[in-house]
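Reviewing the structure listed below.
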Amino acid sequence: MPVLVMLGVLTAAGLLLVRGGQADGDLPARIVAAATAWLPARQRDWGHAMAAELAQVHGRAGRWRFAAGALRVALFPPSGRGRRVLAVALAGLLASAAVTAATAAEIPDLAVSAAVLGLLLGGYATVRASRPHPPCRTVPGVMVAAVALAAVAAAIVSVARIAVAHPAAAADNTHVFAVLFAVALAGYLAVALSSSRGHAGAAQRQAERLAQRLAQRLAQRLAQRLALWWALAAALASGAIWTIIDLTTPLEPVGITGYLWPVGAAAVLAASVGAAATGSAGAGARAGLLTAVLSAPMHFAADLTALMQAGHYALTSPYDVAAFPHSGYPDVASYLLSDAMAGDVLVGLVVYPVVLFAVALFGASFVRGRSSSVTSMLR
Amino acid sequence: MTRARRPSPQTVAVLGALTEDPGRWRYGYDLCAELGIQAGSMYPILMRLADRGLLETCWEAEQAPGKPPRHLYRLTGTGRAYAASAVATAPSASPARTAAARPQLEGA
Numbered sequence: 001m002p003v004l005v006m007l008g009v010l011t012a013a014g015l016l017l018v019r020g021g022q023a024d025g026d027l028p029a030r031i032v033a034a035a036t037a038w039l040p041a042r043q044r045d046w047g048h049a050m051a052a053e054l055a056q057v058h059g060r061a062g063r064w065r066f067a068a069g070a071l072r073v074a075l076f077p078p079s080g081r082g083r084r085v086l087a088v089a090l091a092g093l094l095a096s097a098a099v100t101a102a103t104a105a106e107i108p109d110l111a112v113s114a115a116v117l118g119l120l121l122g123g124y125a126t127v128r129a130s131r132p133h134p135p136c137r138t139v140p141g142v143m144v145a146a147v148a149l150a151a152v153a154a155a156i157v158s159v160a161r162i163a164v165a166h167p168a169a170a171a172d173n174t175h176v177f178a179v180l181f182a183v184a185l186a187g188y189l190a191v192a193l194s195s196s197r198g199h200a201g202a203a204q205r206q207a208e209r210l211a212q213r214l215a216q217r218l219a220q221r222l223a224q225r226l227a228l229w230w231a232l233a234a235a236l237a238s239g240a241i242w243t244i245i246d247l248t249t250p251l252e253p254v255g256i257t258g259y260l261w262p263v264g265a266a267a268v269l270a271a272s273v274g275a276a277a278t279g280s281a282g283a284g285a286r287a288g289l290l291t292a293v294l295s296a297p298m299h300f301a302a303d304l305t306a307l308m309q310a311g312h313y314a315l316t317s318p319y320d321v322a323a324f325p326h327s328g329y330p331d332v333a334s335y336l337l338s339d340a341m342a343g344d345v346l347v348g349l350v351v352y353p354v355v356l357f358a359v360a361l362f363g364a365s366f367v368r369g370r371s372s373s374v375t376s377m378l379r
Numbered sequence: 001m002t003r004a005r006r007p008s009p010q011t012v013a014v015l016g017a018l019t020e021d022p023g024r025w026r027y028g029y030d031l032c033a034e035l036g037i038q039a040g041s042m043y044p045i046l047m048r049l050a051d052r053g054l055l056e057t058c059w060e061a062e063q064a065p066g067k068p069p070r071h072l073y074r075l076t077g078t079g080r081a082y083a084a085s086a087v088a089t090a091p092s093a094s095p096a097r098t099a100a101a102r103p104q105l106e107g108a
């Protein structure tokens, strides 16, 4: 049943986005439009120029090539900071290599995750360094960044604890979950840090583009800050509830997130509806997205920490009882913890956040009453 | 002009194309198609040239029905002098022309 609900929510969200974007042309056109919005304000005209040129490009391959070029320009706009970008990229590579080497020496099973996470974060830092104008910081923005960093660190520590205590549980010969874990955490950090540092800048760019008056610009900034506050409050509240339940409820190693994820959905919905009601649909969707992004690693860490606290592990399901002797795991704890970690990575860090973001979109669009505003605000 | 660094071969090619008929306004995608340079390289070149005052830009006044107005480019007076110098001192007269022989772009 939960799977059907998830599929239903995702399908509806997909239809919402597709329907809202019909007037905007094909996917390359939407990519170029999104890239245009990402350009710094003083270079925004160039984004519009590229979007206008795309209308003259015919043929699917040509349009995709042009869109890829526009994306490249948006990610690395010429800023005269080539040396700085190169220095950041090199520093990122060196730091990534050092962290990977240290992890390989201390916790070999996490070396792949460390390498991927290091490379992705180095890439993110490089992209940020190439931006001409550093976005301004706000109080809620700094708090969002701090909570995101703490949550991601907690998730890493929880996995490291399991890997140290039960190395077989963290062994991942396929590296699929190791890579997924790193990609999810890097993505969460990128979203949280970009949102926390870029919202005021985004609001300013939008205000400049539309030549709005000062009052409108201030209102936009206020809406962005409200979104951050709503997201922070909702994520921390859901994280606290999740942690309390995790640490006080008798554990069933499999299925913990199954009955707790409504807590996350409620938090996301509250954040998106609350922010949309006080600000804008864009603020609502961002609040929901941020809530999901901040909550996911918190919930992941709480889950695994609670499992580690259990101390005693027993096979309760008939399937596990039958499968364990042939699994190759040296003990029941490793078997159950490995299963729980894989499930938490796949479901807790990937599937649920996507569903929760869809819930946020619905919440924001419900308040606004127009699905088109939801798609337009995401740009 | 803020920097005396030698322009890249692609920049020289763009300058060369813009110099051929200096008074004519050019489209970005047409330059891409003519020179075989991808948009991801062409637009940063145009942006840098404009930032340095070598290129003037404008939006076309008359546009095709149902299509957005396009951005137009041509060299400024300073740009023409710079282009003449850059093209003259470039190692190869028109290195990107060889790339243009490769049909990388469609629907120009």
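These protein sequences, in sequence, are chains A and B.
Numbering-wise, the first sequence is residues 1 to 379 according to our numbering.
Numbering-wise, the second sequence is residues 1 to 108 according to our numbering.
Using N, Cα and C, we set each Cβ at its ideal position, and we do this for glycine too.
Buried/exposed call for residue i, threshold 16 Cβ in 10 Å
i: Val152 (chain A); result: buried
i: Thr78 (chain B); result: exposed
i: Arg6 (chain B); result: exposed
i: Ser317 (chain A); result: exposed
i: Ile244 (chain A); result: exposed
i: His299 (chain A); result: buried
i: Asp331 (chain A); result: exposed
i: Ser85 (chain B); result: exposed
i: Thr36 (chain A); result: buried
i: Gln309 (chain A); result: exposed
i: Arg63 (chain B); result: As written in the sequence, residue 63 (chain B) is Gln, which differs from the Arg given in the question. When all chains shown are included, Gln63 (chain B) counts as exposed.
i: Cys32 (chain B); result: buried
i: Leu94 (chain A); result: exposed
i: Tyr319 (chain A); result: exposed
i: Pro325 (chain A); result: exposed
i: Glu20 (chain B); result: exposed
i: Pro91 (chain B); result: exposed
i: Glu34 (chain B); result: buried
C-beta neighbour in chain B for residue i, strict 7 Å
i: Arg83 (chain A); result: no
i: Ala155 (chain A); result: no
i: Ala170 (chain A); result: no
i: Gln22 (chain A); result: Model confidence at Gln22 (chain A) stands at a pLDDT of 44, short of 50, so the residue's coordinates are unreliable and nothing is read from them.
i: Ala89 (chain A); result: no
i: Trp46 (chain A); result: yes
i: Arg213 (chain A); result: Bear in mind that a pLDDT of 49 at Arg213 (chain A), under 50, signals an unreliable position, so the number given afterwards is only what the model happens to contain. No, Arg213 (chain A) lies away from the interface with chain B (no Cβ there is under 7 Å from its Cβ).
According to DSSP, residues forming a beta bridge with residue i
i: Cys58 (chain B); result: B:Leu72
i: Arg26 (chain B); result: B:Tyr73
Within chain B, the residues that residue i reaches when beta carbons sit closer than 7 Å
i: Arg72 (chain A); result: Gly40
i: Pro78 (chain A); result: Pro44, Met47, Arg48
i: Ala49 (chain A); result: Gly28, His71
Chain A within 7 Å of residue i, Cβ atoms only
i: Arg48 (chain B); result: yes
i: Arg52 (chain B); result: no
i: Tyr73 (chain B); result: no
Listed by chain order, chain B residues near residue i by CB distance under 9 Å
i: Gly69 (chain A); result: Cys32, Gln38, Ala39, Gly40, Ser41, Met42, Tyr43
i: Gln309 (chain A); result: Chain B residues near Gln309 (chain A): none, gap ~51 Å exceeds 9 Å.
Reduced DSSP category for residue i - H, G, I as helix; E, B as strand; rest coil
i: Tyr188 (chain A); result: helix
i: Ser195 (chain A); result: helix
i: Gly348 (chain A); result: helix
i: Val94 (chain A); result: Reading off the sequence, residue 94 (chain A) comes out as Leu, not Val. Residue state, collapsed to three classes: helix.
i: Ser317 (chain A); result: coil
i: Arg131 (chain A); result: coil
i: Gln10 (chain B); result: helix
i: Ala33 (chain B); result: helix
i: Val57 (chain A); result: coil
i: Arg286 (chain A); result: helix
Proximal chain A residues relative to residue i, where beta-carbon distance stays under 8 Å
i: Pro69 (chain B); result: Ala52
Chain-ordered chain A contacts of residue i [CB-CB under 9 Å]
i: Gly79 (chain B); result: Within 9 Å Cβ-Cβ: nothing; Gly79 (chain B) doesn't reach chain A, min ~17 Å.
Interface residues of chain A facing residue i [CB-CB closer than 7 Å]
i: Gly23 (chain B); result: Those do not exist, as Gly23 (chain B) stays about 20 Å from chain A at its closest Cβ, beyond 7 Å.
Contact list for residue i against chain B, beta-carbon separation under 8 Å
i: Val127 (chain A); result: In chain order: nothing, as chain B lies at least about 15 Å away.
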